[in-house]
Every structure is written in C-alpha cells, then in structure tokens.
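A.B. asks: Protein chains in written order, with this note's numbering: chain A, 355 to 550; chain B, 13 to 373; chain C, 93 to 344.
The beta-carbon is built from N, C-alpha and C at its ideal position, and this holds for glycine as well.
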Amino acid sequence: MELANQDHRVNLVDLDIVEPCYTLRPIKKQLSEQNINVIAWETKETIGLGEAGNTIKPAARWALMNEGDVVLDIGYGVEGSKTLNLIEGVDKEPNLKLYVVVNISRPMTSNVDDIIEYAKQLGIIHGLINNTHMGDETTPEIVQNGAKVVTEVAKALQIPVIATTAIRSVAKNIGNHDCMGNMVRPLDRYMPNTLW
Amino acid sequence: MSEKLITEEKRVFMTGNEVVAWAAVAAGAEIMYGYPITPQNEIMHYWTRLAPKYDRKFLQTEDELSAGFTTIGGVMAGRKSFTATAGPGNTLMQEPLSMAEAMRLPVVTVVQQRGGPSTATVIYSQQEVTLTTFGGNGEGMRVVYSTATHQELFDYTIKSFNVAWKYRFPTFVLGDGYQAKMRESLTLYDPEQKGVDFVPAERFVGKPGTPGVDREPGHYRNTYNVEEELYDVLQEHFADYKKMAEEVVEYDAFDTEDADVVVVSHGVVSRGAKEAVERMRKEGKKVGYFRPITLRPMPEKQLKEVADKAKKLLVVESAQGQFAKLIKDVIYGSTTEIVPLFKPGVGITTEEITAKTKEIL
Amino acid sequence: MTVQPAMPKCWRPESKPHKFCPGCGHGLVLKALGEAIDELGIQDRVVFGCDIGCSLLAWDFFNVDSIQTHHGRTTPVMVGIKRANPDLICIAYMGDGGGYAIGSQHLVNSASRNEKITVLLALNTVYAMTGGQMAPTTMPDQKAETSPYGRDPEESGYPTQGPEMVAAIAREGSYVARGTTVNMRQLKSYIKKALENQMEGNGFSFVEALAGCPTNWRTNAEKTWNFLQKDMPKYFKVGELKDPGANEKEGQ
Chain A
355 MELANQDHRV NLVDLDIVEP CYTLRPIKKQ LSEQNINVIA WETKETIGLG EAGNTIKPAA
415 RWALMNEGDV VLDIGYGVEG SKTLNLIEGV DKEPNLKLYV VVNISRPMTS NVDDIIEYAK
475 QLGIIHGLIN NTHMGDETTP EIVQNGAKVV TEVAKALQIP VIATTAIRSV AKNIGNHDCM
535 GNMVRPLDRY MPNTLW
Chain B
13 MSEKLITEEK RVFMTGNEVV AWAAVAAGAE IMYGYPITPQ NEIMHYWTRL APKYDRKFLQ
73 TEDELSAGFT TIGGVMAGRK SFTATAGPGN TLMQEPLSMA EAMRLPVVTV VQQRGGPSTA
133 TVIYSQQEVT LTTFGGNGEG MRVVYSTATH QELFDYTIKS FNVAWKYRFP TFVLGDGYQA
193 KMRESLTLYD PEQKGVDFVP AERFVGKPGT PGVDREPGHY RNTYNVEEEL YDVLQEHFAD
253 YKKMAEEVVE YDAFDTEDAD VVVVSHGVVS RGAKEAVERM RKEGKKVGYF RPITLRPMPE
313 KQLKEVADKA KKLLVVESAQ GQFAKLIKDV IYGSTTEIVP LFKPGVGITT EEITAKTKEI
373 L
Chain C
93 MTVQPAMPKC WRPESKPHKF CPGCGHGLVL KALGEAIDEL GIQDRVVFGC DIGCSLLAWD
153 FFNVDSIQTH HGRTTPVMVG IKRANPDLIC IAYMGDGGGY AIGSQHLVNS ASRNEKITVL
213 LALNTVYAMT GGQMAPTTMP DQKAETSPYG RDPEESGYPT QGPEMVAAIA REGSYVARGT
273 TVNMRQLKSY IKKALENQME GNGFSFVEAL AGCPTNWRTN AEKTWNFLQK DMPKYFKVGE
333 LKDPGANEKE GQ
C-alpha cells in the first residue's frame, strides 16, 4: 500500500495454498482501485473449490515477470516458503527478499526458540517483521512484547527486523519506533472483510 | 509421557482448527485417526506437528469409514482416541458411530460443518445437525456440544473426552467452517491445573491375564439373536442416557423472563443472536436469548419453560430447520408460535436477526 | 462311545458345539487358527475381530478378547487397536464378501500401508448368511440366488483373486498365502506363519482359506468335498504368494 502510494507499480500475489481462508480474493477489487495489481482467483472462477480452494492461478507462476515491485503472500504453513519453488525464476531473481512475518500470539511461534526453529525451516530469509497482535484485543504492550522476542530472534539469526507493524490506533500509541528501536509501520486492516 | 504442552495460562490468537488440536493434546488424547476433508484439515495438520513432540500418534486412513472404525479400535485398546470430519465425511462416519452408539464406546468426533447436501460448499453451514445428533441407524444416544467461540472449542474439546469416558456414549464437538478457519483470541490452559480431573481410559481388550484362565474374555458384539434381547439392552441404554442428560445438559440464556420474543439459536449463529438481543434490550425491546449448548441431549425442561412464557420464538439457523426440528420436539404442547429465520449454508448477521426480531415483535 | 478329538486349548468350551452349520468350513478354519494360537502361546495377547456374515457367529468362539464389528469393517477396527497397542496380536476374520466387496478398500489400504495385523478370510464363493447370493468369488456358471442362471463373466466378471491382489500391492515383509480346509496341516502352518510374521513386526499378513458351504451350495458331504477339492482350485490356486521367511532363507 505504501509502495503504491509512492507511485510504484505494485503486484500483489496470493500464494497462500496451505490454509486458504484469509485470502486476498474478496478484497481484490478494493485493492485494484488503489492501483495494486492483484494476482488471485476471483471467487466465481473457483467453482468446485468453494472459496477455500487451493489451485494456483497460472498468472501467479509468472508473477516475477511483471514490471515493478512484486509482493508475494506465501502463507504461513510449515511448507509455506517452499511454495516459492513454484514461481518461475525465483532462484535467479537477485532482488527478491524474503521477510518472515511473526505474531507471537500464535502458539506455534510464541517464543524465541520456536520462532528460530520455524525460521530455519524456511531456508534463506532476509528479515523479520514483528506483526504481533491479538485481533481486536491488541494493546501496545502486546506489540512491544512481540518486538522484544522478534528482535532477540533477529539477533540470533543475524538478520534485521524490518519493522514492527500494528493497527493505526495502536501504532500511534507506540510512536515511530518500538521499544527495541525498530521502525513502526501503521496498518489499515483490510483482512476482516476477507472471511468469506 | 513428554513434558506438558501448556504449562501456564496464556492468551493466544489462533484458528479454530488449531485450537482443537491443542485442546486434544491438553486433554490427554493419545491417538487421532483421520481422513482429509475441508474444513477440518488443519486439525490434522496441527495434530501431526504436535503429536511426536508429546508422544501422541496419528494414522491417516483410506476414508472416513476407516477413520471411524480405527478410532473405535483405538478406544477399545484403551486409548483416548478421536477423529474429525465434515460434510460427506460425516455421512460415512455415521456407520462407525452407530457401532460406537450400540456398544457404548467413548469415541470423540469433531465435526466442522460445511454446506450440504452432498459436496456443496467447503465453507460453512449448520446443516449437519440432524446427522450429528441422530445419524446412523440408531436412537441418537450421543452427546453433542455446539460451540460458538474459540474458547468454547478449547473447553468443550477437553470436556468431550471426559464426558465420553465417564458415560460411554459417543461425544461430538459440533463446530463449523467459520470457527474452523477464523482467527480469534482465547485463553489456553492446562486442564489439570484448573482442577479438571481426567476420567481415565480403560481397556476393553488386552487386559492383563489369559482369558478363560485368569479372567473372562471380553466378548463384544452389536448383534442380537432376538428382538427382546435387543429391546432389553436398549432400555438400559435409554435409562443411562436419561440419567446422564440431567448432568450434562448445558445452555446459555438471558432476558427470557419477560420477553415477548425469544431468539433461539446455536453455535456460531448465537454470537450474532446474542449481540442482537443485547442491543434491542438497550433499546427497551422485550426480547430474550436462548442457546442450547448441548444439542443432544437438549435442555428440554428449560426450553419448554422459556417457550411457555414467550409469545414467539424466533429460531435462527444456517440450515432449513434442522435445529428447529429439535426445538419443536422438546416444546411439544406449547402453543407459542415459532418464527423461522433459516439461511441454509449461509452466515447470519446481527443486523438480519435484529431486523427479523423487530418485524415480529 | 466315540472319542472326541481334542479341542484347541484356546477354544471356549462353553460356546461349543459352535453355531455353524454341519459341514461348514468356518469350524475348520477356526480350528486351524485355534491350534496356531495354542502352539504360539499367545492366547493372552490375541484380539480376535469378526465381521458380519457367518463369521460373526465366532464372536464368542474363543477364550480370547473378541469384537464383532460391521460388514467389511473388521480390518480397520483391528488396525486401530494395533496402532494404539502394538503389543496385542490382532486377527481380523471375515468372509469373501466382507473382504473383497464391501471392505475391499480396507484390505487394500491396510496391505499397502503394511499394517502389522493378520487378516484371515474364509472363501466359500457365496454370501452365506444372507441366503446364498452371488459373491465376488462365485465361480463362472455357478448358480447363486442373484445369479440364478449361473454367473456370467460377461455380466459380472470373474472371481476375485484375493491373495494375488494383496500380494501385488503388499510390500516386502508381508506374508500372503491361500490355504484350504482340504489340507488342514498346511492351512495351520500358513496361519501360524502369518501370526509369526505379525509377532516379528515384519508387516501385513493375509491368509485366505477355501471353505465349504454345503448349506448354500446344496451339496452333500461328497459333493461339498469335490467342489472344494476339484472345482475351486481351478480359480483359486493354493500356496504361499509372499513369505519373508522364505526370502531370508534364500538370501542366506
């Protein structure tokens, strides 16, 4: 979104094939209106799959051939990052950065050890994003706790924390940087509209 | 046994399927048997990730018939065993579950309802109520918990194992695709730390000693020679079920005392119903809320009382009257009008419930 | 006074005489099984599962823990038990209708997963308990209640070759054989090997036993024997199809 506002040409690709419930499909139109090229199935195109089908749209495979910035949402399953193997030219693209988005409120990634184990399974990663939240119950404290844990993981893995993200109201309370000095990016939530 | 999965109470944010897997581990479930079907798959995904770390087992079977019958095997070997299914899988599952019903086997089944009939949608519905409460060629001798929140998914999955092993009737957690896939916050806890005593599992087969020498063999059957023999066995089951019903029935209700319209719903739909009733009460409208948590056995007495006091019942469900049928059965004799708000296979919003309630007030 | 042959030790005297028809093959198959259990000394570890059809009459046949299940579903129940308690020796007992028709998916998938259970299947070419309908194993031209003019292979195919099918998909370590009640010593040795294979944790074991059904065949003793001994082996060849023990010996 930020990139689009800076007049970059942005392609957003839905590759979440593991637990495809919060998919981009329902908000595709809304995003398109904001100058973002969304590569995802339209619900009506996926007859027989319901809205949780997990076939890959051919255009997604060639996503890196698009001009401009390409943002790939690859889902969070244990095999999540391997989804990238399905993308043509992924191993030859020097500018591709893989950032792992971490929410320590999810029990599978709730502490330093678990996150390190998870991140290691993903292969080469270039940075972490602290996206710790608890839905509507999110407080600055919850986000800050996440920042501490994620920053510790980043140190252990010797990769940067790209940012801490939080919904706009919470982000405001935290300020421009979190307690660990990471940049705070405010989020506008589109996803609550995506559950069917 | 490995160390505990949950050592202290904590607030977390996860999907419903993930919650079920964690709850099953926390409840001491030892083995899961399952076959893939949406929207329950992630129960198996998370169970298979957790199982080896906590000394639990998993078998992926060839179909739901096999998933159900292997679960029966697990139970008879004396292990806390469970399976999970949905839609057409639930249809197949009814065969093993009728055997579990006949033989009083404490099988725990998690159902995440999807659209029907047939393959329909993989998304959401409340159309597996009839199948789950009265499926198979049986008499509905089951316990069915219809959950509404992730906290309840956690609580009732744990409770199901205890209820199943205590009363020896097949026990179900009836969720749906929304609950399965949605993310929500809840508190995870170790049941034992909270004072929950685990009812121990017992072996049906493989007890110590040589059968016929040290002990009688366990001879288990679901076939009877004569009508009278079956009749007598069933009478015992009915008596046990009735006795149990008083102890396990659960419901949630408020503002029903002076209500003209009581909104009756279950499962995830009751979230919208609850909010609608609360809002209308603030506006001074005489509306009430009733939600059976157990669909088998039904809170008969309480529901009949509510029905007798109210002028109308608004029955709201994401099915074409499957839940309403259960209601009608238990309030028989009451002349209170039942107004349906049925949306089979589709979610129902607070606004829709509010509008319909106001229309009939 | 006639002298009764001794019953296997693990048989349950209280349920004898058994409930099968005179001349029925089940009694013989279960005698071979009983002797095998005795010789292996595993009465305290065996769980015996029986199917629907005449096999269900064996629900109280042995002094071993026994479960009568549903038609075709004995295999998954035994798989479930074995997975939950690998110390037990699980035997799924069924007829050809249960194993090759309604429960074929369970037989095939258990074999292909190499489940460490033993399936023992009595083949008598008919659905006996339900009144003699055509089975997957009914012979060409054989009359049954649903093939009153004789089984026409054009119309309803040829008899299922069970052990051949299982041998084709079962992996190394599995034991597959076809015995017959005509040769009891051989049948017992096959069943014993199958059980040993399970005890050693090698893999799946499967024994089919040709068994007579004079009641539904409408045959006297001589004709029953002729059908068993002469007609059935034309389609159902007796012998071992897979034997890990033999492989080992060859390898040595």
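Measuring straight from C-alpha to C-alpha, what distance separates threonine 369 of chain B and valine 275 of chain B?
C.D. replies: 8 Å
A.B. asks: Return the Cβ separation of valine 524 of chain A and proline 494 of chain A in integer angstroms, given the expectation that the two are a contact with Cβ distance under 8 Å.
C.D. replies: 6 Å
A.B. asks: According to a CB-to-CB cut-off of less than 9 Å, which residues of the segment 191 to 210 of chain B neighbour chain A?
C.D. replies: Ala192, Lys193, Met194, Arg195, Glu196, Ser197, Leu200
A.B. asks: How long is the line joining the alpha carbons of arginine 215 of chain B and leucine 117 of chain B, rounded to whole angstroms?
C.D. replies: 11 Å
A.B. asks: If you measure beta-carbon to beta-carbon, which residues of the segment 453 to 468 of chain A are closer than 8 Å to chain B?
C.D. replies: Asn457, Ser459, Arg460, Pro461, Met462, Ser464
A.B. asks: Going by the CB atoms, is the gap between glutamate 74 of chain B and asparagine 177 of chain C shorter than 8 Å?
C.D. replies: Contact flag unset, no.
A.B. asks: Could you tell me whether the segment 207 to 224 of chain C touches the segment 295 to 308 of chain C, where touching means 3 or more Cβ pairs closer than 8 Å?
C.D. replies: yes
A.B. asks: Mind checking if tyrosine 232 of chain B is an interface residue toward chain F, Cβ cutoff 8 Å exclusive?
C.D. replies: Absent from the structure: chain F. Protein chains present are A, B and C.
A.B. asks: Consider the Cβ of isoleucine 305 of chain B: report whether some Cβ of chain C lies at a distance smaller than 8 Å.
C.D. replies: no
A.B. asks: Assign alanine 63 of chain B to buried or exposed, taking buried as 16 or more other Cβ atoms, counted over all protein chains shown, within 10 Å of its Cβ.
C.D. replies: buried
A.B. asks: If you measure beta-carbon to beta-carbon, which residues of the segment 96 to 118 of chain B are closer than 8 Å to chain C?
C.D. replies: Sequence-ordered contacts of the segment 96 to 118 of chain B with chain C read Glu107, Pro108, Met111 [C-beta pairs closer than 8 Å].
A.B. asks: Return the bridge partner residues of serine 158 of chain B from the DSSP annotation.
C.D. replies: B:Leu186
A.B. asks: Straight-line CA distance for methionine 152 of chain C to tyrosine 232 of chain B?
C.D. replies: This sequence places aspartate at residue 152 of chain C; methionine is not what is there. Using only the alpha carbons, I get a separation of about 8 Å.
A.B. asks: What three-state label does DSSP hand serine 93 of chain B in the structure shown?
C.D. replies: strand
A.B. asks: Do glycine 481 of chain A and valine 507 of chain A come within 8 Å of each other at the CB atom, strictly closer than that value?
C.D. replies: no
A.B. asks: Taking the alpha-carbon positions, what's the leucine 549 of chain A to methionine 194 of chain B distance?
C.D. replies: Caution is warranted here: a pLDDT of 41 is assigned to leucine 549 of chain A, below 50, making its placement in the model unreliable, and no coordinate value can be reported.
A.B. asks: For a quick check, are the C-beta atoms of tyrosine 323 of chain B and valine 273 of chain B less than 8 Å apart?
C.D. replies: The sequence given here places lysine at residue 323 of chain B; tyrosine does not occur at that position. Yes, the pair counts as a contact, with Cβ atoms nearer than the cut-off.
A.B. asks: Beta carbons nearer than 8 Å to chain B: which residues of the segment 477 to 489 of chain A have them?
C.D. replies: His487, Met488, Gly489
A.B. asks: Decide yes or no for the touch test of the segment 323 to 330 of chain C against the segment 126 to 139 of chain C: beta carbon pairs closer than 8 Å, at least 3 of them.
C.D. replies: no
A.B. asks: Measure the alpha-carbon distance for glutamate 287 of chain B versus threonine 362 of chain B and round it to whole angstroms.
C.D. replies: 6 Å
A.B. asks: I'd like the list of long-range same chain contacts for threonine 238 of chain C, defined as Cβ closer than 6 Å, with 5 residues on each side in sequence excluded.
C.D. replies: Gln225, Met226
A.B. asks: Keeping to the same chain, check which residues put their C-beta closer than 6 Å to that of leucine 403 of chain A; ignore five residues upstream and five downstream.
C.D. replies: In this predicted model, leucine 403 of chain A has a pLDDT of only 48, less than 50, meaning its place in the structure is not dependable enough to derive any value.
A.B. asks: Please classify arginine 243 of chain C as buried or exposed, where buried requires at least 16 other C-beta atoms within 10 Å of its C-beta.
C.D. replies: buried
A.B. asks: Which residue wins for smallest C-alpha separation from aspartate 167 of chain B, given the options B:Pro129, B:Val32, B:Gly101?
C.D. replies: B:Val32
A.B. asks: In the DSSP assignment, what residue or residues form a beta bridge with histidine 531 of chain A?
C.D. replies: A:Met537
A.B. asks: Quick one: give me the first and last residue of the alpha helix (DSSP H) that serine 297 of chain C is part of.
C.D. replies: Element bounds for serine 297 of chain C: not the alpha helix (DSSP H) but the beta strand (DSSP E), 297 to 302.
A.B. asks: I'd like to confirm the pairing. Which residues does DSSP put opposite cysteine 142 of chain C in its beta bridges?
C.D. replies: C:Gln160, C:Tyr185
A.B. asks: At the 8 Å Cβ level, is valine 24 of chain B part of the contact set with chain A, yes or no?
C.D. replies: Interface residue, yes.
A.B. asks: For serine 197 of chain B, which of helix, strand or coil comes out of DSSP?
C.D. replies: strand
A.B. asks: Using a Cβ cut-off of 7 Å, pull out every chain C residue sitting near isoleucine 84 of chain B, in sequence order please.
C.D. replies: Val169, Gly172
A.B. asks: Hey, is tryptophan 381 of chain B's beta-carbon within less than 8 Å of any beta-carbon in chain A?
C.D. replies: Residue 381 of chain B lies beyond the stretch modelled for chain B, which goes from 13 to 373, so this question has no answer here.
A.B. asks: For lysine 178 of chain B and threonine 131 of chain B, I'd like the C-alpha separation in whole angstroms.
C.D. replies: 35 Å
A.B. asks: At the 8 Å Cβ level, is glutamate 491 of chain A part of the contact set with chain B, yes or no?
C.D. replies: yes
A.B. asks: Report yes if the C-beta distance between glycine 187 of chain B and threonine 159 of chain B is below 8 Å; otherwise report no.
C.D. replies: yes
A.B. asks: DSSP beta-bridge partners for methionine 44 of chain B?
C.D. replies: B:Phe70, B:Phe94
A.B. asks: Kindly identify the DSSP beta-bridge partner or partners of alanine 269 of chain C.
C.D. replies: C:Val299, C:Glu332
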